[in-house]
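Written below as structure tokens is the structure these notes are about.
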Amino acid sequence: MAVLDLEKLVKDYGQVRAIHGVDLRIENGEFCVFVGPSGCGKSTLLRMIAGLEDITGGELRIDDKRVNEQRASERGLAMVFQTYALYPHMTVRQNLAFGLENIRTPKAEIEARVAEAARMLQIEAYLDRRPKQLSGGQRQRVAIGRAVVREPRVFLFDEPLSNLDAELRVTMRGEISALHRRLGNTMIYVTHDQVEAMTMADKIVVLRDGRIEQAGTPLDLYNTPRNSFVAGFIGSPRMNFIDVTVTAIDADGVALKDAAGNAYRAAVAGEGLKPGQAAELGIRPDHLEIGAGEGTAVTVQSVEQLGGESYLYCEAADGTKLTAHLPGQTAIRRGETAHLVLRPQFTHLFAKEGGLAQTRLVIGEAV
Amino acid sequence: MSTVLSFLTRRRGRNGFDLTDWLTWLYLLAAVLLMFGPVFWLALSSFKTESALQEYPPTLLPLAPVMATVEGYEEPLPLFRVTGGEHEGKVLAQVRRIGLNAQMVDPAAPGERVNVNINDRVPEREFTLALENYTTLFERFNFLLYFWNSVFITVIATIITVLFNSMAAFALSKYRFRGRTLVFILIIATLMIPPTINLVPIFLVVSELGLVNSPWGVIWPAVATPTGVFLLRQYMLTIPDDLLDAARMDHASEWRVYWRIVLPLSAPALAVLVIFSVMWRWNEFLWPLIVLNRSEEFTLQLALNSFQGDLQTAWAPLLAMTVLTLLPITLVFAVLQKYITAGIAQSGVK
Chain V
11 MAVLDLEKLV KDYGQVRAIH GVDLRIENGE FCVFVGPSGC GKSTLLRMIA
61 GLEDITGGEL RIDDKRVNEQ RASERGLAMV FQTYALYPHM TVRQNLAFGL
111 ENIRTPKAEI EARVAEAARM LQIEAYLDRR PKQLSGGQRQ RVAIGRAVVR
161 EPRVFLFDEP LSNLDAELRV TMRGEISALH RRLGNTMIYV THDQVEAMTM
211 ADKIVVLRDG RIEQAGTPLD LYNTPRNSFV AGFIGSPRMN FIDVTVTAID
261 ADGVALKDAA GNAYRAAVAG EGLKPGQAAE LGIRPDHLEI GAGEGTAVTV
311 QSVEQLGGES YLYCEAADGT KLTAHLPGQT AIRRGETAHL VLRPQFTHLF
361 AKEGGLAQTR LVIGEAV
Chain A
59 MSTVLSFLTR RRGRNGFDLT DWLTWLYLLA AVLLMFGPVF WLALSSFKTE
109 SALQEYPPTL LPLAPVMATV EGYEEPLPLF RVTGGEHEGK VLAQVRRIGL
159 NAQMVDPAAP GERVNVNIND RVPEREFTLA LENYTTLFER FNFLLYFWNS
209 VFITVIATII TVLFNSMAAF ALSKYRFRGR TLVFILIIAT LMIPPTINLV
259 PIFLVVSELG LVNSPWGVIW PAVATPTGVF LLRQYMLTIP DDLLDAARMD
309 HASEWRVYWR IVLPLSAPAL AVLVIFSVMW RWNEFLWPLI VLNRSEEFTL
359 QLALNSFQGD LQTAWAPLLA MTVLTLLPIT LVFAVLQKYI TAGIAQSGVK
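Below is the structure:
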């Protein structure tokens with residue numbers, strides 16, 4: 011069981027700074043997901059925690075003990091790699107046992123632990139095969155099994171599902187979550203897929219360019235994103251953004267209008283805002299409603315009917331793209347004009363410079 | 059067996075031989091003749107007696123004169139077929155030769171000697187393997203000692219070569235350190251220095267270390283080969299770093315990473331290096347000739363050389379020992395060559 015503290019962690023590659031002073035605490039038993047676009051430093055951060063990359067500055071503590079100088083082999087963590095990294099010249103059984111052999115575990119105990127892990131991950135049938143004789147999903151299980159047998163303090167996952175097909179990915183997602191519930195270990199999981207982050211995490215850490223943009227529970231990030239980057243990154247399809255100008259500020263929120271003259275309201279605290287200032291209005295596709303004549307007029311460019319739900323891809327007169335997610339089926343056809351209603355309790359408001367979010371006064375229930 | 063046969067009789071032309079079939083067969087047969095001809099000739103000649111070897115024109119098969127014991131003569135006499143003159147067609151035994159005439163005797167009538175012109179007779183010969191060429195190697199020449207010297211030097215040098223070169227290659231391919239490229243370039247650059255230039259300085263070092271006339275004087279200068287380092291490094295670059303990282307996460311020390319992960323995965327490249335090293339050490343001549351002066355330290359190559367004197371060469375044992383010298387290296391190659399193509403590291407990682 012372990013608590014991880016990251017204090018002002020810095021990583022430099024020569025002149026280039028990859029990680030800019032990350033502060034983070036990961037609680038015991040927490041399932042923490044690092045998410046961000048490629049190149050944001052999430053894998054680097056994970057490898058620094060693992061001990062596979064040197065830490066340039068700051069301090070990494072596991073259970074309040076500084077581990078910066080410890081080798082990967084001494085930190086007591088286990089890692090599942092994106093490429094699985096199974097030893098091709100060893101059978102599945104040898105792959106699982108290798109870590110235990112290295113710490114001189116008695117033979118009988120190795121056997122017992124391998125059998126236990128194999129049973130838990132349902133890989134007993136192919137313990138004597140070699141990795142190349144396994145399918146992608148089976149290799150993934152073996153890779154997880156190799157981490158499980160060691161009973162590590164912390165599990166590290168580096169995009170473990172990105173080489174699997176969509177269906178298998180959903181299954182494995184559930185299995186990793188189940189594994190976490192059963193073992194209760196601290197787990198750190200790196201992905202670029204925000205759906206994985208939303209579905210599995212206790213805590214999501216959104217990274218961009220080596221900095222933490224926001225850390226919190228999935229719904230925190232969804233409901234109160236700290237800035238437009240997090241707002242755009244979390245949620246699928248991504249949030250709609252409209253360029254607006256502040257017209258008035260009152261106790262209930264802020265009144266806005268866009269270049270075409272459409273008026274909007276956002277239930278946010280208008281701190282620091284002045285009328286006439288430019289801002290960005292954000293609303294999730296799920297929160298857009300079709301109004302009967304009222305609301306912003308848009309042209310529907312394409313319609314996706316999934317049966318149980320529908321997506322409208324629209325364009326406003328000034329070229330702003332808007333995506334609407336409607337429950338059920340819709341009669342609206344491509345090329346028609348629709349009116350979209352933005353409820354103030356659902357809208358987010360972001361500063362034009364830096365994209366910082368205004369504090370939301372009301373958080374609307376999802377429709 | 060049937061697959062071998064169907065492989066050998068495969069051809070392009072559906073009915074009969076196509077032009078390409080003719081050309082292929084011609085080309086391949088010529089290549090076989092070119093490569094195996096000398097070896098075949100060597101092997102056959104190693105079974106010829108010394109006199110058969112000196113004969114002109116040479117024969118392909120090892121033939122020896124047919125001898126017959128004739129009543130009244132203690133030594134067996136060689137048989138000749140007479141091709142001209144009054145005794146034409148008879149097979150006679152030669153008692154002695156005087157000038158252009160040979161005194162011969164009919165084995166059926168041993169009492170009567172006849173004179174035959176030596177141009178009117180050809181020796182009767184039969185296929186005989188002169189196995190004594192081989193047995194003398196063990197009886198008169200200390201073949202087993204030379205063989206052991208060669209084996210010792212080859213095996214030990216190969217083990218050390220593989221160990222040293224793979225460790226250097228591991229560091230050069232998997233660790234990042236300042237001057238890594240420089241070190242690698244320096245190692246490769248030594249390939250540009252002709253070995254003959256190194257002979258004197260290396261000999262000075264070896265003699266200062268007191269290794270002259272010791273097998274270690276042959277082994278140590280040879281174990282660090284730039285070719286081996288280069289070969290193994292290039293191969294190890296293809297081993298994914300993730301595997302090494304995974305092993306480190308599995309509590310493996312750097313030595314364990316090298317020994318349990320990198321070495322087994324480099325097996326195909328190691329096999330190539332083993333073959334090279336065995337061939338180099340086994341066939342090495344110039345350096346052992348300089349370092350090893352006492353005949354009890356001689357390798358097989360040096361022993362072969364010592365059959366060749368200033369005035370005379372003992373061809374029969376020389377050829378026999380050459381055949382025996384060829385055998386082990388052929389076996390090594392036959393056993394290891396299948397590993398060359400076996401790629402293990404490419405699998406297991408998607």
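Chain order of the listed sequences is V and A.
All you need for our numbering is the position in the first sequence, starting with 1, plus 10.
All you need for our numbering is the position in the second sequence, starting with 1, plus 58.
In this text, a Cβ means the ideal position worked out from N, Cα and C, and glycines have one as well.
- prompt: Is the segment 326-336 of chain V touching the segment 361-376 of chain V, taking contact as three or more C-beta pairs under 8 Å?
  reply: no
- prompt: Using CA coordinates, which residue listed in V:M197, V:N237 and V:T196 is at the minimum distance from V216 (chain V)?
  reply: V:N237
field: Best match in V:Y232, V:L366, V:P354 and V:T54 for proximity to T201 (chain V) [C-alpha to C-alpha]
entry: V:T54
- prompt: Comparing the C-beta of G61 (chain V) with each C-beta of chain A, is any distance below 9 Å?
  reply: yes
task: Quick one: give me the first and last residue of the beta strand (DSSP E) that Q359 (chain A) is part of.
output: Run containing Q359 (chain A): none in the beta strand (DSSP E); it sits in the alpha helix (DSSP H), L358 to S364.
Option nearest P98 (chain V) by Cα separation, candidates V:L144, V:A118 and V:N112: V:L144
query: Secondary structure at R140 (chain V), three-state DSSP: helix, strand or coil?
result: coil
field: Reduced DSSP secondary structure (H/G/I, E/B, other) of A326 (chain V)
entry: strand
query: Using a Cβ-Cβ cut-off of 7 Å (strictly less than) and excluding sequence neighbours within five positions of A127 (chain V), which residues of its own chain qualify?
result: L106, G155, V158 and V159
message: Under 9 Å, Cβ to Cβ, is there at least one residue of chain V near M337 (chain A)?
response: no
query: Using the beta-carbon of each residue, which ones in chain V are nearer than 8 Å to S311 (chain A)?
result: S83 and N112
- prompt: Shorter than 9 Å from the beta carbon of L301 (chain A) to some beta carbon of chain V?
  reply: yes
- request: Indicate whether at least one CB of chain V lies closer than 9 Å to the CB of L111 (chain A).
  value: no
Beta carbon proximity, Y97 (chain V) to chain A, threshold 9 Å: yes
message: On the criterion of 16 or more Cβ atoms from any shown chain inside 10 Å, does I120 (chain V) qualify as buried, or is it exposed?
response: buried
task: Using 10 angstroms around the beta-carbon of L9 (chain V), count the other beta-carbons present and answer buried if the total reaches 16, otherwise exposed.
output: Beyond the ends of chain V as shown, which are 11 and 377, falls residue 9 (chain V); an answer cannot be given.
- request: Output yes if chain A places a C-beta closer than 9 Å to the C-beta of A88 (chain V); else output no.
  value: yes
message: I need the straight-line Cα distance from N271 (chain A) to V264 (chain A), nearest angstrom please.
response: 10 Å
query: For the 8 Å Cβ check, are there 3 or more pairs between the segment 120-129 of chain A and the segment 179-191 of chain A?
result: yes
message: Just to confirm the assignment, what range does the alpha helix (DSSP H) spanning N105 (chain V) have?
response: V102 to N112
query: Would the segment 171-180 of chain A and the segment 134-142 of chain A be scored as touching if the rule is three or more Cβ pairs under 8 Å?
result: yes
task: Could you spell out the range, first to last residue, of the alpha helix (DSSP H) harbouring S324 (chain A)?
output: Note, S324 (chain A): premise wrong, no alpha helix (DSSP H); not H, not E.
message: Tell me which residues of the segment 322-347 of chain A have at least one Cβ-Cβ distance to chain V shorter than 9 Å, keeping chain order.
response: P322, L323 and A325
query: What do you get for G406 (chain A), buried or exposed, if any count of 16 or more other CB atoms within 10 angstroms of its CB means buried?
result: Per-residue confidence for G406 (chain A) stands at a pLDDT of 34, beneath the threshold of 50, marking its modelled position as unreliable; no derived number is given.
- prompt: In chain V, which residues lie with their C-beta within 7 Å of the C-beta of I319 (chain A)?
  reply: Y97
task: Measure from the alpha carbon of F196 (chain A) to the alpha carbon of each residue in A:L382, A:R236, A:V393 and A:L389, then state which is nearest.
output: A:L382
query: Would you call V62 (chain A) buried or exposed, if buried means 16 or more other Cβ atoms sit within 10 Å of its Cβ?
result: exposed
message: Give me the chain V residues within the contact set of R306 (chain A), using Cβ-Cβ distance strictly less than 8 Å, ordered along the chain.
response: G61, L62, R81, A82 and S83
message: Helix, strand or coil, according to DSSP, for F235 (chain A) in the structure here?
response: coil
- request: May I ask you to list, following chain order, the residues of the segment 105-133 of chain V that have a beta carbon less than 7 Å from some beta carbon of chain A?
  value: F108, G109, N112 and I113
task: Tell me whether K18 (chain V) is buried or exposed, calling it buried when 16 or more other Cβ atoms sit within 10 Å of its Cβ.
output: exposed
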